[in-house]
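Have a look at the structure below, then the notes.
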Amino acid sequence: MNRLRRHAPPLLVLLAWALLLAAWVMGNAPFGAPDEAFHYIRAVGVSEGHLLGTPDPAARIGVTPTQVAWTAQATRQLSLPRALDPQPYTCEIGRPHRSAACQLRATPNTGPVARATTVGNYQPLPYLLPAAVVRAGGSATAALRLARAIQALSALALLAIAVFALYDGASPLLSLLGPLLAVTPMAIFCASALGGSGIEVASGVAFMACLLRVGRSAAEPRRWWLLLASSGAVLALSRSTGPAFLVLMLALAAALAGPRAFAARLLAGWPARLAVCALLAAIALNRVWEGLYGPSVPLDTSSLHAGLVAGAHQWWKALPQLVGSFGYLEVKLPLILPLAWFALALALLAAAAAVSERRERLVLAGALAAGLAGPAVFYALFVRPSGFGLQGRYVLPALVALPIVAGELLCRHSRRASSAWLGRLALALPLAVALAQILAWYVNARRYAVGTSGPTWFLPHASWAPPGGWWPWLALALAAGGCLAAAVFARPGRGPAPLARSV
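Letter 14 of the sequence shown, counting from 1, is numbered 120 in the working numbering, and no numbers are missing.
See below:
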């Protein structure tokens, strides 16, 4: 019982995320996430032993010639067993003012069909566990929800690694502020949908947290090196960009600890050396897969200036998506929610900078500058050649490092801070996060229940509802908010809940 009380705050946070993930898995209409039907086809193909599928020379997916040429590299044909065809259940995509009621009238295809997927050559790791359960569904929608559920559990396991890596019983609430801000509603949405983005974001959170944990002292238990290697390997193998994000996080951790001290830590003892070998192996596997099957990226540095200008514009449009823009980016949150989230993130960064040492402040400022400018460069070099726009989820796996590092620095140096404003920040941030997570789920649920032009209070008017109706899943979302709020007042031990460590 005492052990449970000592870990009450992180357990409440994890319970909140678990409830939110369940509400999203069920409350989001089938195939309502970006390219989810394509990811589903890939998972079904993997379940039948086809990691790639058959190239489709007739593929013409996209709007512009550039987009068509890009998707043609990745498009594969796969055969789907009877009743598992997703196409009848994609009727509301591109029609945000309509509900998902058309899915209730859909006629499933009863025979096997061949379908094309534009993610046929993506890294296979995110599809392995969904493929193990997808065939258990008796219909396309049931199969998808099973695949979503196993993906959500995988992401939750990675987030649990992050929470316990960062948790400090002497500063229980402060040590959790970073992950609370890093795991935005968009991160929860991606984790609850079938695809690689959710696992990439969750593994980025876990890997950065483990890097900070092993940087606390040389006497950290061996398990943190094992978890660092595991989360880093998942990050490297989740999507094409995983190795780049992994290297960026390693560079950030090295800058915080000092390059020489960090290198010595990586070479001190067999657990650390084994972790380094595992990370190098994962990066190598990613590069081998991309070299054999990945798309050809035509780097055109001759128009780099134009690409950077376009990238700045794309990045400005994609910023709110870091907090939440759901469906096919047509389900937008009220602007006040992204603004409030960014304000909290800036407050955390400012608080960390105020109490940190000079070198740490410089590293934090450099990381913030890279976070602000990097996505525009990323777009100019890697996204623009595809003909598609920049999306917030593409860069979210790297940007989660900012609030996590800020929270860790604030926790390490909390004795230098004023207890009054520190207490206000530690109280306001979890409560605001709880409210934002609930509202984000509700906005997305309304889109599929009544359409974006339907009544704000949609429950009595819903023309589409998930299994069990809306009330159980709304109750889960509200309970998740309650858990986040309860974490503020949880008592890890006897006496009042301490905000900062006492040394």
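Glycine is no exception: its CB is placed at the ideal position from the N, C-alpha and C atoms.
Short CB-CB distance (under 9 Å) between residue i and chain C
i	result
residue 193	Absent from the structure is chain C; it holds one protein chain and no more.
Among the options, nearest to residue i - alpha-carbon criterion
i	options	result
residue 218	123, 226 and 193	193
residue 364	498, 246, 466 and 379	466
residue 142	196, 125 and 515	196
residue 140	165, 558, 199 and 397	199
residue 163	157, 155, 400 and 174	174
residue 133	577, 586 and 265	577
residue 145	477, 231 and 373	231
residue 585	328, 547, 552 and 574	547
residue 260	336, 368, 188 and 539	336
residue 212	478, 221, 226 and 246	246
residue 610	272, 400 and 468	Absent from the structure is residue 610, since the part of the chain shown begins at 107 and ends at 609.
residue 457	425, 521, 422 and 551	521
residue 345	242, 280, 399 and 549	399
residue 330	478, 425, 381 and 289	381
residue 587	318, 544 and 550	544
residue 454	494, 531 and 419	531
residue 391	419, 161, 341 and 575	341
residue 529	431, 160 and 277	277
residue 314	328, 574 and 339	339
residue 496	511, 153, 480 and 510	480
residue 223	165, 422, 435 and 554	165
residue 129	177, 186 and 251	251
residue 282	504, 434, 549 and 114	114
residue 433	504, 135 and 386	135
DSSP bridge partner residues for residue i (one or two, in chain order)
i	result
residue 432	437
residue 521	Answer is none; residue 521 lacks a bridge partner.
residue 223	182
Cβ neighbours of residue i in the same chain (closer than 7 Å, five flanking residues each side left out)
i	result
residue 296	303, 304, 307 and 499
residue 149	233, 236, 237, 240, 253 and 300
residue 258	127, 131, 297 and 298
residue 207	569 and 570
residue 519	461 and 462
residue 51	Residue 51 cannot be examined here, being either before or after the span of the chain that is shown, 107 to 609.
residue 494	173
residue 242	252
residue 343	229, 231, 388, 391 and 392
Cβ-based neighbour list, residue i, same chain, cut-off 8 Å, excluding 5 preceding and 5 following
i	result
residue 118	589, 590, 592, 593 and 596
residue 486	410, 413, 414, 416 and 417
residue 210	570
residue 483	414 and 417
residue 533	594
residue 360	368 and 369
residue 371	320, 321, 324, 363 and 378
Cβ neighbour criterion (16 or more within 10 Å) applied to residue i
i	result
residue 394	exposed
residue 353	exposed
residue 513	buried
residue 181	buried
residue 244	exposed
residue 383	exposed
residue 123	buried
residue 562	exposed
residue 155	exposed
residue 216	exposed
residue 442	exposed
residue 579	buried
residue 205	buried
residue 470	buried
residue 116	buried
residue 169	exposed
residue 285	buried
residue 535	buried
residue 551	buried
residue 583	buried
residue 309	buried
residue 68	Coverage of the chain is limited to positions 107 through 609, which leaves residue 68 absent and any answer about it impossible.
residue 220	exposed
residue 269	buried
Residues of its chain near residue i, where Cβ-Cβ distance is below 6 Å and the 5 sequence neighbours each way are ignored
i	result
residue 333	267 and 316
residue 558	202 and 203
residue 179	401
residue 459	467 and 470
residue 604	Its pLDDT being 47, under 50, residue 604 is placed unreliably by the model, and nothing is read from it.
Residue i Cβ short of 8 Å to the ligand COA heavy atom set
i	result
residue 533	Looking for the ligand COA in the displayed structure turns up nothing, as the structure carries no ligands at all.
* **Runs of alpha helix (DSSP H) lying entirely within the region 108-190, each at least 4 residues, in chain order** => 108-112, 114-133, 142-153 and 171-180
* 3-residue-minimum beta strand (DSSP E) runs that sit fully inside the region 269-354, ordered along the chain -> none
* Every unbroken alpha helix (DSSP H) inside the region 235-272 [4 residues or more] -> 246-272
* To do: List in chain order: all unbroken beta strand (DSSP E) runs of 3+ residues lying wholly within the region 469-515.
  => none
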